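Heads up: the structure comes next, in structure tokens.
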Amino acid sequence: MGLPTQDLKEPKKYYKTISSLFFLLWKGKDIPDREMKEIIYTSHHDFISCFIKMLPNYCEEHIDSVVQFFQNIWPKEKEVKNTENTSSFLRLLACHDAKYFENIYGVIGDYLSVVDLTYSVFYNVEKIANKYPNETMVILNKVLPEKILNNTSTKLIDILDKIVLEKDQGKLNEEALSIYLRFRRLTQ
Numbered sequence: 146m147g148l149p150t151q152d153l154k155e156p157k158k159y160y161k162t163i164s165s166l167f168f169l170l171w172k173g174k175d176i177p178d179r180e181m182k183e184i185i186y187t188s189h190h191d192f193i194s195c196f197i198k199m200l201p202n203y204c205e206e207h208i209d210s211v212v213q214f215f216q217n218i219w220p221k222e223k224e225v226k227n228t229e230n231t232s233s234f235l236r237l238l239a240c241h242d243a244k245y246f247e248n249i250y251g252v253i254g255d256y257l258s259v260v261d262l263t264y265s266v267f268y269n270v271e272k273i274a275n276k277y278p279n280e281t282m283v284i285l286n287k288v289l290p291e292k293i294l295n296n297t298s299t300k301l302i303d304i305l306d307k308i309v310l311e312k313d314q315g316k317l318n319e320e321a322l323s324i325y326l327r328f329r330r331l332t333q
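What follows is the structure, encoded as structure tokens:
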């Protein structure tokens, strides 16, 4: 039942519109869970990425539905880890000044993977670093390709500087502290 994958004049715009419609129809119980799973499972990766990108628009009024979507619908058996999806997941985690981070991180944390472009990583992770330093370190560990980290990784250094206070106050757990120290060595 997947969405068409033929070349359209503006496929991203089409995907944004249709993904919003599908989400609202599913939320309203007009599309059953089983059908929604099939739609997501059989759709083109561009549609899936657009679907994730539009979810921050619904967090304010429908956070429970966004969480339920990832708990009940998102195809765990389908390989959906890629740079675009990870960037969209990070945007979702950081949306509304990370207001819904605690709700969402537990259900999408496993879907994060190494990214090719680091700009969106740093932009979004900066928004969560102060509130969630332990989780920030785990996220950075999952998504940053180590080969790019060096003393010119200024955005990473900025994020680590935000977290240093938490480290100094003993608020980083053992895993986060280990990641923090490794990143500090790589960026010195």
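Counting along the sequence shown from 1, when you hit position 10 you're at 155 in the working numbering, and nothing is skipped either side. Just so you know, even glycine gets a beta-carbon here, dropped at the ideal spot from N, CA and C. The structure presented is a predicted model; accordingly, all values stated were derived computationally and were not measured.
Inset, instruction - Express the C-alpha separation of L310 and Y159 in angstroms, rounding to a whole number. - result: Note on geometry: alpha-carbon atoms of Y159 and L310 lie some 45 Å from one another.
Inset, instruction - Kindly list the residues whose CB is nearer than 8 Å to the CB of L331, restricted to its own chain and excluding five residues on each side of it in sequence; keep chain order. - result: For L331, same chain residues with a beta-carbon under 8 Å away, outside a window of 5 residues either side, are E291, L294, N295, S298 in chain order.
Legend entry - Straight-line gap, C240 to P201 (C-alpha atoms, nearest Å): Pairing C240 with P201, the inter-Cα distance amounts to about 6 Å.
Inset, instruction - May I ask you to report which of helix, strand or coil DSSP gives S265? - result: When secondary structure is reduced to three states using DSSP, S265 falls in the helix class.
Legend entry - Spatial neighbours of A243 in its chain, beta-carbon cut-off 6 Å, leaving aside the 5 residues before and after: Excluding positions up to five away in sequence, the list reads K272, I273, K276.
Legend entry - Identity of the residue in F267, K172, M282 nearest N318 by Cα: Residue M282 is the option with its Cα nearest to N318.
Inset, instruction - Evaluate F328 with the Cβ neighbour count: other Cβ atoms within 10 Å of its Cβ, from every protein chain shown; 16 or more gives buried, anything less gives exposed. - result: F328 comes out buried.
Legend entry - Cβ shell of D261 (< 6 Å), same chain only, five flanking positions each side left out: Cβ within range, chain order: T228.
Inset, instruction - Measure the CB-CB distance between Y245 and C195 and report whether it falls below 8 Å. - result: At a Cβ-Cβ threshold of 8 Å, Y245 and C195 do not count as neighbours.
Inset, instruction - Inspect the beta-carbon positions of V252 and V288 and report whether they are closer than 8 Å. - result: No. Outside cutoff.
Inset, instruction - Kindly give me the distance between the Cβ atoms of N230 and D178, rounded to whole angstroms, as I take these residues to be in contact under 8 Å. - result: Not confirmed; about 21 Å, so no contact.
Legend entry - L235 versus Q213, L170, F267, residue with shortest Cα-Cα distance: Of Q213, L170, F267, the smallest CA-CA separation from L235 is found for F267.
Inset, instruction - Note the first and the last residue of the continuous alpha helix (DSSP H) segment covering H241. - result: Segment 228-243, the alpha helix (DSSP H) holding H241.
Inset, instruction - Could you tell me whether the Cβ atoms of N279 and L238 are closer together than 8 Å? - result: Result no, Cβ atoms of N279 and L238 do not sit closer than 8 Å.
Inset, instruction - Classify K174 as buried or exposed, calling it buried when 16 or more other Cβ atoms lie within 10 Å of its own Cβ. - result: K174 is exposed by the Cβ-count criterion.
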